[in-house]
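Asks:
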Amino acid sequence: MIREIVKDEEFLKIPSTEATIKDKQVAIDLLDTLEHNSETCVGLAANMIGHSLNIIAVNIHQTLVIMYNPVIVEKHDPYETEEGCLSLEGVRKTTRYKSIVVEYEDHKFKKKSKKLSGFSAQIVQHEVDHLHGIII
206 MIREIVKDEE FLKIPSTEAT IKDKQVAIDL LDTLEHNSET CVGLAANMIG
256 HSLNIIAVNI HQTLVIMYNP VIVEKHDPYE TEEGCLSLEG VRKTTRYKSI
306 VVEYEDHKFK KKSKKLSGFS AQIVQHEVDH LHGIII
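Using my numbering, the letters of the sequence shown map in sequence onto residues 206 to 341.
The following block contains the structure:
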């Protein structure tokens, strides 16, 4: 189901909690909402649709990926950039890393690890920040 995007910064600042297999419907809604907003959005965190759960949906090389409980375990080569967000007005400056390694659980709740670089790494960093209540 396509959900409305949360714009309440106080809600978005609340750190998310661990997701479980019972939260699969939230992940499906997240994918539906990301797909619906695909012209202006490449990633969403569950709190952006009203659920403080550690789930993100990202578009990596034209493939929509759900990550449950993602954790960035490595990051290399910081740089300054500007980003926009569906939940916020305008663009804001932030520091990102050119390459990362993220560990997460897939849709079957199997542990995965993915090395990302460039824009894909930036997307995941932005969404993981949302899970920690960090707003750019």
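Yeah, the Cβ is synthetic: ideal placement off N, Cα and C, and Gly gets one too. Just so you know, these numbers come straight off a predicted model, no measurement behind them.
Write down the C-beta distance between Asn264 and Glu223 rounded to the nearest angstrom, noting that I regard them as a contact closer than 8 angstroms.
Replies: Taking the first residue of the sequence shown as position 1, residue 264 is located at position 59. Taking the first residue of the sequence shown as position 1, residue 223 is located at position 18. With a Cβ gap of about 24 angstroms, Asn264 and Glu223 do not count as contacting.
Asks: Taking the runs of the alpha helix (DSSP H) that are 4 residues or longer, which of them lie wholly in the region 228–291?
Replies: Listed in chain order, the complete alpha helix (DSSP H) runs (minimum 4 residues) inside the region 228–291 are 229–241.
Asks: Can you tell me where the beta strand (DSSP E) holding Glu308 begins and where it ends?
Replies: For the purposes of this step, residue 308 is taken as the residue at position 103 of the sequence shown. Where Glu308 is concerned, the enclosing beta strand (DSSP E) stretches over Val296 to Glu310.
Asks: Contact check, Thr238 vs Ile207 under 8 angstroms by CB: the rounded distance?
Replies: Counting from 1 along the sequence shown, the entry for residue 238 is found at position 33. Counting from 1 along the sequence shown, the entry for residue 207 is found at position 2. Yes, they are in contact, since the Cβ atoms of Thr238 and Ile207 sit about 5 angstroms apart, within 8 angstroms.
Asks: Taking buried to mean at least 16 other C-beta atoms within 10 Å of its own C-beta, is Arg301 buried or exposed?
Replies: As a position in the sequence shown, residue 301 is number 96, starting the count at 1. It counts as buried.
Asks: Could you check where the beta strand (DSSP E) with Leu321 kicks off and where it finishes?
Replies: Within the sequence shown, the letter at position 116 stands for residue 321. Here the beta strand (DSSP E) through Leu321 covers Lys316 to Ser322.
Asks: Can you check which of these residues, Glu310, Glu308 and Leu249, is closest to Leu293 by C-alpha distance?
Replies: Within the sequence shown, numbered from 1, the residue matching residue 293 stands at position 88. Of Glu310, Glu308 and Leu249, the residue nearest in Cα terms is Leu249.
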